[in-house]
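In what follows, a single structure is set out as structure tokens and then discussed.
Residue numbers (my numbering): 600 to 1201.
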């Protein structure tokens, strides 16, 4: 601190010396002139005193001697001139003295101003020195912080290097794990294939057991004696009896035409005849499947609007997502979150369990029969679609390739191709002959349902749009936006109208010929319960049916656009799907619980 004080004092002394050297030559001339004036003033005073003395002396001499008068006059004149000259010089000196005095005053003012400036500069210098001291302290703190940051940076760099090494090791481990996972997936797929083969083998064994039991029952029945009275004649027509049928007259009575020779037929021939009668019903080696022998309905003679719950039954272990009648209306298929498709035979207003289709690894979301009723297609939440044959309940195809839940899958009209829509916002076209994906189309939004015509696929999406796709061009022909997320699509019998259901709690009919909304249905209390709630046309297209979140079944008349009836006493939770049988007789509905209901007007 003492050194700092000595420094600024030395600095002030140097500044004063510098100012003295710079400003000294300005005042030197003034000082010299002032000194000369003082000397002249002193000289003038001396001369004046001497002239006064001489004047007195001259006056005394004039009085003393008149002889010297002329001399005195001349001397007096000379003295007068000298006095005048001296007076002028004195005036000039006084003038210069006043000027010099004014100059001195101004210089003094300038000196005072410079002193004030020096004081101000000294105060500023002191302030600057304080700021310098503060900044030097800040610099020391910053240097200290910089050192700490450099140490921390070095530590972080070391940690980063260690993490990089760890990351490389983990990346290598991830690569190996991925390879192991791929190998495990391959092994898992192989095991699933083996499991499917085992299931198919078990189904075949079960089929053979049933056939053997049937043959045994038939043999036992054939061994029993048949009580045939002589008065009763029976004509047994062979299965392939083209000739017999042709030879029999339509006017001839059928009864009483069997001769006694027939009663003498060996038991083996009778067994063969019975086997032919019952065995030919199972053309595909599965005698208990009624679906293989039924003829798909080309239309319905009469549509019955449901009024009564004929059969309420527990369909699955958990939520039931979808329901569908077979083309002949004799089988009902349901799919649930228990990963099974269950088959029910509709007999006299009741649903009797016929079997279950297994092989899915997640819940079933959609069910579809082909036009002949020989195959069943199901979509599931395990990103795949599967196809079973209905004569032996065997899993035939597993179509994988989607990266999200498959929410809908449909047969095209040729039954050789399939379209599937997924939560991954894509639609895929599959060829069943080659079992490969032929086309993949990005739809831009999650696909909730699909329906198909010959060359057009219609898809309903989460973004409230119905998209119409040209299968050949793989492009959108047109779009139609609704007021809510589309949950269901269905076509009428001649494929000229499209029924939609959306989360705005409305059903709409779109005329595919004019591309306009023809009819809108809603009802007080009707509420769409999920993004996969399915609604349906009646077989003749005169009614539409849909299930509500409150468990009620609503039926609207298409011609009037009004609600026909509401059935609300049997479901205990939201209805997920409704299906109308192709014969027009029954309506089936399933719910978020485990229950399914068969409806009709009986």
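All residues carry an ideal CB built from backbone N, CA and C; glycine is no exception.
Beta-bridge pairing of residue 978 - partner residues as DSSP gives them: For this step, residue 978 is matched to residue 379 along the chain shown. Bridge partners of residue 978: 965 and 984.
Backbone CA spacing between residue 952 and residue 774 [nearest angstrom]: Against the chain shown, residue 952 aligns to sequence position 353. Against the chain shown, residue 774 aligns to sequence position 175. Each residue's alpha carbon lies about 49 Å from the other.
DSSP bridge partner residues for residue 1100 (one or two, in chain order): Within the chain shown, numbered from 1, the residue matching residue 1100 stands at position 501. DSSP output for residue 1100 lists 1087 and 1106 as bridge partner(s).
Alpha-carbon spacing of residue 1159 relative to residue 1120, whole angstroms: Taking the chain shown and counting its residues from 1, the one referred to as residue 1159 is at position 560. Taking the chain shown and counting its residues from 1, the one referred to as residue 1120 is at position 521. Roughly 10 Å separates the two Cα atoms.
Exposure label - residue 609; buried when at least 16 CB within 10 Å: Counting from 1 along the chain shown, the entry for residue 609 is found at position 10. Exposed.
8 Å Cβ cutoff met for residue 1157 and residue 1141: The sequence position of residue 1157 within the chain shown is 558, counting from 1. The sequence position of residue 1141 within the chain shown is 542, counting from 1. Yes.
Residues that DSSP places opposite residue 952 in a beta bridge: Taking the chain shown and counting its residues from 1, the one referred to as residue 952 is at position 353. For residue 952, which the question treats as bridged, DSSP gives the partners 943.
Stretch pair the region 1110-1117 + the region 1090-1102: three plus CB contacts closer than 8 Å: yes
Supposed close pair residue 1150, residue 1171 - CB separation, criterion 8 Å: Here the question's residue 1150 lines up with position 551 in the chain shown. Here the question's residue 1171 lines up with position 572 in the chain shown. Right, the Cβ-Cβ distance comes to about 6 Å (below 8 Å), so this counts as a contact.
Coarse secondary structure for residue 645, derived from DSSP in three states: Position 46 of the chain shown, counted from the start, is the residue given in the question as residue 645. The answer is helix: DSSP assigns residue 645 an H, G or I state.
Cβ shell of residue 706 (< 7 Å), same chain only, five flanking positions each side left out: By 1-based counting over the chain shown, the position of residue 706 is 107. Excluding positions up to five away in sequence, the list reads 626.
Candidates 1116, 1059, 1090 and 1069, of which the one nearest residue 1101 by Cα: Locating residue 1101 in the chain shown gives position 502, counting from the first residue. Here the closest residue by C-alpha is 1059.
CB contact flag (residue 1135, residue 1144, <8 Å): Taking the first residue of the chain shown as 1, we reach residue 1135 at position 536. Taking the first residue of the chain shown as 1, we reach residue 1144 at position 545. Closer than 8 Å, so yes.
C-beta contact flag for residue 936 and residue 918 at 8 Å: Here the question's residue 936 lines up with position 337 in the chain shown. Here the question's residue 918 lines up with position 319 in the chain shown. Taking 8 Å as the Cβ cut-off, residue 936 and residue 918 qualify as a contacting pair.
Coil, strand or helix - residue 1127 by DSSP: On the chain shown, residue 1127 is found 528 positions in, with the first residue counted as 1. If DSSP states are grouped into helix, strand and coil, residue 1127 belongs with coil.
Limits of the unbroken beta strand (DSSP E) element including residue 1080: Sequence index remark: in the chain shown, residue 1080 carries index 481 (1-based). 1074-1080 is the extent of the beta strand (DSSP E) around residue 1080.
Residue 1070 vs residue 1006 beta-carbon contact at 8 Å: Along the chain shown, one-based indexing puts residue 1070 at 471. Along the chain shown, one-based indexing puts residue 1006 at 407. Taking 8 Å as the Cβ cut-off, residue 1070 and residue 1006 do not qualify as a contacting pair.
Cβ-based burial, residue 967 [other Cβ within 10 Å; buried from 16]: For this step, residue 967 is matched to residue 368 along the chain shown. Buried, by the Cβ-count rule.
Sequence ranges, beta strand (DSSP E) only - wholly within the region 992-1052, length at least 3: 994-999, 1005-1010, 1016-1021, 1025-1030, 1035-1041 and 1046-1051
Residues of its chain near residue 1034, where Cβ-Cβ distance is below 8 Å and the 5 sequence neighbours each way are ignored: Taking the first residue of the chain shown as 1, we reach residue 1034 at position 435. Same-chain partners within the cutoff: 996 and 998.
Rounded C-alpha distance that separates residue 1198 from residue 901: As a position in the chain shown, residue 1198 is number 599, starting the count at 1. As a position in the chain shown, residue 901 is number 302, starting the count at 1. Whole-angstrom Cα-Cα distance: 15 Å.
Where residue 878 sits in the DSSP three-state scheme: Taking the chain shown and counting its residues from 1, the one referred to as residue 878 is at position 279. In this prediction, residue 878 scores a pLDDT of 37, lower than 50, which makes its location untrustworthy; the coordinate-derived value is nonetheless stated afterwards. Here residue 878 sits in helix by DSSP.
Euclidean distance between Cα positions of residue 786 and residue 778: On the chain shown, residue 786 is found 187 positions in, with the first residue counted as 1. On the chain shown, residue 778 is found 179 positions in, with the first residue counted as 1. One C-alpha to the other measures close to 12 Å.
Cβ pair count under 8 Å reaching 3, the region 1044-1060 against the region 1014-1029: yes
Whole-angstrom distance between residue 916 and residue 1195, CA atom to CA atom: In the chain shown, residue 1195 corresponds to position 596, counting from 1. In the chain shown, residue 916 corresponds to position 317, counting from 1. Their backbone Cα atoms lie some 12 Å apart in a straight line.
Whole-number beta carbon distance between residue 909 and residue 1201, since they are thought to touch under 8 Å: Residue mapping note: residue 1201 aligns to position 602 of the chain shown, counting from 1. Residue mapping note: residue 909 aligns to position 310 of the chain shown, counting from 1. Indeed, because the Cβ distance is near 6 Å, the residues count as touching under 8 Å.
As assigned by DSSP and simplified to three states, the class of residue 936: Counting from 1 along the chain shown, the entry for residue 936 is found at position 337. Coil.
Pairwise C-alpha distance: residue 957 and residue 934: Counted from its first residue, the chain shown places residue 934 at position 335. Counted from its first residue, the chain shown places residue 957 at position 358. Approximately 11 Å between the Cα atoms of the pair.
Delimiting residues of the beta strand (DSSP E) encompassing residue 1117: Translated into the one-based positions of the chain shown, residue 1117 becomes position 518. Looking at the DSSP string, the run of the beta strand (DSSP E) that includes residue 1117 is 1115-1120.
DSSP three-state assignment for residue 1185, whether helix, strand or coil: Locating residue 1185 in the chain shown gives position 586, where the first residue counts as 1. DSSP places residue 1185 in coil when its eight states are reduced to three.
Buried or exposed (CB count within 10 angstroms, at least 16 for buried), residue 1132: Start at 1 with the first residue of the chain shown, and residue 1132 comes out as number 533. Burial call: buried.
Residue nearest to residue 1009 in terms of C-alpha spacing, selected from 1056, 767, 911 and 1042: Taking the first residue of the chain shown as 1, we reach residue 1009 at position 410. Answer by Cα proximity: 1056.
Beta-carbon contacts of residue 1068 that lie in its chain and below 8 Å, excluding the five residues immediately before and after: Reading the chain shown from its first residue, position 469 is the one you call residue 1068. Cβ neighbours of residue 1068 beyond the five flanking positions: 1026, 1040, 1055, 1056, 1057, 1058, 1074, 1075 and 1076.
Identity of the residue in 643, 994 and 1083 nearest residue 973 by Cα: Within the chain shown, the letter at position 374 stands for residue 973. If we check each option's Cα against that of residue 973, 994 comes out closest.
Residues bridged to residue 1195 [DSSP beta-bridge criterion]: Here the question's residue 1195 lines up with position 596 in the chain shown. Answer is 912 and 1189, bridged to residue 1195.
Classification of residue 693 by the beta-carbon crowding that lies within 10 angstroms, buried from 16 upward: Walking along the chain shown from the start, residue 693 turns up at place 94. That one is exposed.
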